[in-house]
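Residue numbering for the sequence shown follows our numbering, beginning at 17 and increasing consecutively.
Glycine residues also receive a C-beta, built at the ideal position from the N, C-alpha and C atoms.
Given the structure is predicted, the values throughout are model-derived calculations rather than measurements.
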Amino acid sequence: MSIDQLEEIAQAMMAPGKGIIAIDESNTTCKKRFDGVGIESTEENRRAYREMLLTTPKLSDHISGAILYDETLRQSTKAGVPFTRVMMDAGILPGIKVDKGPVPLAGFPGDVVTEGLDGLRDRLKEYARLGAKFAKWRAVIAISDESPSGTCIEANCHALARYAALCQEAGIVPMVEPEVLIDGSHDIDICYEVTEATLRSLFGALYEHNVLLEGTILKASMVLSGKDCPEQADVEEVAEATLRCLKSTVPATLPGIVFLSGGQSDEQATAHLNAMNQMGSKPWPLSFSYGRAMQTAALQIWSRDMAGNVAKAQQTVYARARDNGLAALGQWKK
């Protein structure tokens, strides 16, 4: 795939008023979600759930792409149509999660590093054949009195850069996700410092690995107070701090930034995105790549009657996509 094609896919991912839905939960994570609503996490139930999400009528009005798990990328609808074909026919780009999750970083208690680089070149070739147009790799940065160490940030950003270079070699747009966790009692200023250091390290590593920024998407966490912090920053403060941090670290050549919801409520994630998009001009479009903030309400509805509540659950999926699509334009109203 040419450089122009990578840029074209990245631009399509950032189409105005559209975002990415993340349905890339591992089977282990999916089991936790299903357990919470009393559903058995069988392969067929996971397939049926993802079919409900991906076949939501008019979903592409507000969704440009969906991040899938390995199992999902290979699955089909009940009628036998591959999910990737359903998506492309609807104008939704298929994406794929390719990392293998975080493990403890030896020598640095409390820090983790994401694994999955071994064999990635061959896996990406296969994913491209299966129809994936973009990929995602998530690094995890936790904040505590001792964490994160500089080594943790550097190791994770180095892995993100190696992954991104391999993606572009395979003709797949890399989505780089350095998530600064909301867990902890830290205030918004500490989150700002850690997020700024992480993003500076990330773009330095991407540059060193000759990654084409015009064919790369950043999936960023917002600058937030830790969930256990007694003083929670309000919507305007979060939006202002996040924008200030991004403007000081992210090159203007990037096609766009999508945010993860990262433990925020559905409405908080939408309100923060909307506020940022109402704060004047920015070098890049800001949109969303939400998982739980897109799915939680729909899963609860669907779980009560998996056969009978499909349309009702899909209405909720569409409503969440619409609200976040409006927030990506700064036009959402509570």
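Alpha carbon of E170 to alpha carbon of L146, nearest angstrom = Working through the sequence shown from its first residue, we reach residue 170 at position 154. Working through the sequence shown from its first residue, we reach residue 146 at position 130. In a straight line, the C-alpha of E170 is about 32 Å away from that of L146.
Would you mind listing the beta strand (DSSP E) stretches within the region 117-191 that are 3+ residues and don't spill past its ends, in chain order?
-> Taken in chain order, the complete beta strand (DSSP E) segments of 3 or more residues contained in the region 117-191 are 118-120, 128-130, 150-157.
Residue environment, D20, which counts as buried when at least 16 other CB atoms sit within 10 Å | Translated into positions along the sequence shown, residue 20 becomes position 4. D20 comes out exposed.
What is the C-beta distance between A158 and G126, in whole angstroms, given that I count them as a contact (C-beta under 8 Å)?
-> Within the sequence shown, numbered from 1, the residue matching residue 158 stands at position 142. Within the sequence shown, numbered from 1, the residue matching residue 126 stands at position 110. That pair is a contact at about 6 Å.
Considering M80, what are the terminal residues of the beta strand (DSSP E) in which it resides?
-> Along the sequence shown, one-based indexing puts residue 80 at 64. For clarity, residue 80 is Ser in the given sequence; the question names Met instead. Bounds of the beta strand (DSSP E) holding S80 are 79-84.
Return the chain-ordered list of same chain residues with a C-beta closer than 8 Å to the C-beta of I25, the five sequence neighbours on each side being excluded.
-> Position 9 of the sequence shown holds residue 25. Answer for I25: L109, K149, F150, V189, G231, listed in chain order.
N- and C-terminal bounds of the alpha helix (DSSP H) containing S217 | Position 201 of the sequence shown, counted from the first residue, corresponds to residue 217. Here the alpha helix (DSSP H) through S217 covers 204-224.
Assumed close pair L70, F50 - CB separation to whole angstroms, cut-off 8 Å | One-based indexing of the sequence shown puts residue 70 at position 54. One-based indexing of the sequence shown puts residue 50 at position 34. Not quite, the Cβ-Cβ distance comes to about 17 Å (not below 8 Å), so this is no contact.
What do you get for S237, buried or exposed, if any count of 16 or more other CB atoms within 10 angstroms of its CB means buried?
-> Start at 1 with the first residue of the sequence shown, and residue 237 comes out as number 221. So S237 counts as buried.
Could you name the residues of the same chain whose beta carbon sits closer than 7 Å to that of L234, not counting the 5 residues immediately before and after it, in chain order?
-> Counting from 1 along the sequence shown, the entry for residue 234 is found at position 218. Closer than 7 Å at Cβ, skipping near neighbours: V192, V266, L270, I273.
On a CA-only basis, which of V128, G33, L262, D205 is nearest P299? Give me that one, please.
-> Here the question's residue 299 lines up with position 283 in the sequence shown. Comparing Cα-Cα distances from P299 to each of V128, G33, L262, D205, the minimum goes to L262.
Classify D115 as buried or exposed, calling it buried when 16 or more other Cβ atoms lie within 10 Å of its own Cβ.
-> Here residue 115 corresponds to residue number 99 of the sequence shown, with the count starting at 1. The residue is buried, with at least 16 neighbouring Cβ atoms inside 10 Å.
Inter-stretch contact (C-beta, 8 Å, three-pair minimum) for the region 25-36 and the region 333-342 = Contact between the region 25-36 and the region 333-342 is present: three or more C-beta pairs spanning the two stretches fall below 8 Å.
Proximity of V326 and M68 at Cβ, strictly below 7 Å = Looking up residue 326 in the sequence shown gives position 310. Looking up residue 68 in the sequence shown gives position 52. Here V326 is near M68, since their CB atoms are less than 7 Å apart.
State buried or exposed for A329, treating a residue as buried only when at least 16 other CB atoms are found within 10 Å of its CB.
-> For this step, residue 329 is matched to residue 313 along the sequence shown. So A329 counts as buried.
What's the gap between the Cα of P73 and the Cα of S80?
-> In the sequence shown, counting from the first residue as 1, residue 73 sits at position 57. In the sequence shown, counting from the first residue as 1, residue 80 sits at position 64. Answer to the nearest angstrom: the Cα atoms are 14 Å apart.
Where do the ends of the alpha helix (DSSP H) carrying K263 lie?
-> For the purposes of this step, residue 263 is taken as the residue at position 247 of the sequence shown. Following the DSSP letters along the chain, one finds K263 inside the alpha helix (DSSP H) bounded by residues 251-265.
Which of helix, strand or coil DSSP assigns to I55 = By one-based count along the sequence shown, residue 55 stands at place 39. I55 falls in the coil class under three-state DSSP.
Alpha-carbon to alpha-carbon, Q280 and D161 = Position 145 of the sequence shown, counted from the start, is the residue given in the question as residue 161. Position 264 of the sequence shown, counted from the start, is the residue given in the question as residue 280. About 23 Å.
For G35: DSSP bridge partner residues = In the sequence shown, residue 35 corresponds to position 19, counting from 1. Paired residues: I79.
Spell out the partners DSSP gives A352 in its beta bridges.
-> Here the chain has residues from 17 to 350 only, and residue 352 is not among them.
CA-to-CA distance, R139 to K377, given in whole angstroms | The requested residue 377 is not part of the displayed model; the chain covers only 17 to 350.
Counting along the chain, where does the alpha helix (DSSP H) carrying I19 start and finish?
-> Position 3 of the sequence shown, counting from 1, holds the residue named residue 19. 19-29 is the span of the alpha helix (DSSP H), which, as asked, contains I19.
Under the three-state DSSP convention, the category K328 falls into = Position 312 of the sequence shown, counted from the start, is the residue given in the question as residue 328. In the structure shown, K328 adopts helical secondary structure according to DSSP, grouped into three states.
Residue from Q316, V254, L315 whose Cα sits closest to the Cα of N293 | Residue mapping note: residue 293 aligns to position 277 of the sequence shown, counting from 1. Measuring from the Cα of N293, the nearest candidate turns out to be V254.
Could you check where the beta strand (DSSP E) with I112 kicks off and where it finishes?
-> Position 96 of the sequence shown, counted from the first residue, corresponds to residue 112. Per DSSP, the unbroken beta strand (DSSP E) holding I112 starts and ends at 109-113.
Any idea what DSSP makes of V333, helix, strand or coil?
-> One-based indexing of the sequence shown puts residue 333 at position 317. Three-state DSSP puts V333 in a helix.
Could you tell me which residues DSSP pairs with F304 in its beta bridges?
-> Locating residue 304 in the sequence shown gives position 288, counting from the first residue. Looking at the DSSP assignment, F304 forms a beta bridge with F275.
Supposed close pair D203, S241 - CB separation, criterion 8 Å = Indexing the sequence shown from 1 puts residue 203 at position 187. Indexing the sequence shown from 1 puts residue 241 at position 225. Contact holds; Cβ gap of about 6 Å.
What residue does the alpha helix (DSSP H) around T286 start on, and which one ends it?
-> In the sequence shown, residue 286 corresponds to position 270, counting from 1. Where T286 is concerned, the enclosing alpha helix (DSSP H) stretches over 282-293.
Residue of N43, M322, A175, I206 minimising C-alpha distance to A249 | Position 233 of the sequence shown, counted from the first residue, corresponds to residue 249. Nearest C-alpha to A249 among N43, M322, A175, I206: I206.
Starting from T100, trace the alpha helix (DSSP H) both ways and give me its first and last residue.
-> Here the question's residue 100 lines up with position 84 in the sequence shown. Segment 99-106, the alpha helix (DSSP H) holding T100.
Below 7 Å between beta carbons: does that hold for V129 and A181?
-> Indexing the sequence shown from 1 puts residue 129 at position 113. Indexing the sequence shown from 1 puts residue 181 at position 165. At a Cβ-Cβ threshold of 7 Å, V129 and A181 do not count as neighbours.
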